[in-house]
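J.: Once you've had a glance at the structure underneath, I'll fire off some questions.
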Amino acid sequence: MSTRKNVLFVFTSVDKNLLGNPSGWYLPEGAHPYYVLSPKHNITFASPKGPNPPVDSVSIDQFKDDDECVKFLGDSVAQKFLAEAKKLSDVNAKDYDAVLYVGGCITPRFPVHKRLEAEQASLNGFF
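Residue numbers for the sequence shown follow our numbering, so the first one is 14 and each next one is one higher.
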């Protein structure tokens, strides 16, 4: 009998790229693994700033015909996870068996900007 593992999805809190254009996490990089992992594992969403990490609006348009992306946007459980995403400063890596960094133009693991460096510093035990 298998035991459910705890998986943390880490989303960016950055809503603009380095050029000032709208940005955020990339829809299929959150939606697709969510539907692979959620049936068998406990999922937690987190971001540096906590609730409602911004999704890249371009990715919503690009994947408007992708079944899993459309499903994710209308999925009340997934949307509740986003609305109640934990702040990374309140999350401890030791509580998770796996961490998934949801991609986008800017993710917390790439400190290419001072704002991101501050976000990265809030990770508890991930590095």
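From the three backbone atoms N, C-alpha and C, an ideal C-beta is built for every residue, glycine too.
The structure displayed is predicted, hence computed values, not measured ones.
How would you write the range of the beta strand (DSSP E) that residue 22 sits in, first residue to last?
T.: Counting from 1 along the sequence shown, the entry for residue 22 is found at position 9. Per DSSP, residue 22 belongs to the beta strand (DSSP E) from 19-23.
J.: Whole angstroms are fine: how far does the CA of residue 75 sit from the CA of residue 5?
T.: Residue 5 falls outside the range modelled here, since the chain spans only 14 to 140, and no answer is possible.
J.: What runs of the beta strand (DSSP E), each 3 residues or longer, lie entirely inside the stretch 51-107?
T.: The qualifying runs are 55-60.
J.: Give me, in chain order, the residues of the same chain whose beta-carbon lies closer than 6 Å to that of residue 81; leave out the 5 immediate sequence neighbours on both sides.
T.: Sequence index remark: in the sequence shown, residue 81 carries index 68 (1-based). Answer for residue 81: 44, 45 and 48, listed in chain order.
J.: Quick one: what's got a C-beta closer than 8 Å to residue 98's C-beta in the same chain, skipping five residues either side?
T.: Indexing the sequence shown from 1 puts residue 98 at position 85. Excluding residues within five positions, the ones whose Cβ falls inside 8 Å are 24, 58, 59, 60, 63, 64, 65 and 66.
J.: Report back the beta-carbon spacing between residue 69 and residue 33 to the nearest angstrom; my notes put them in contact at under 8 Å.
T.: If you number the sequence shown from 1, residue 69 lands on position 56. If you number the sequence shown from 1, residue 33 lands on position 20. Rounded, the Cβ-Cβ distance is 14 Å, inconsistent with contact.
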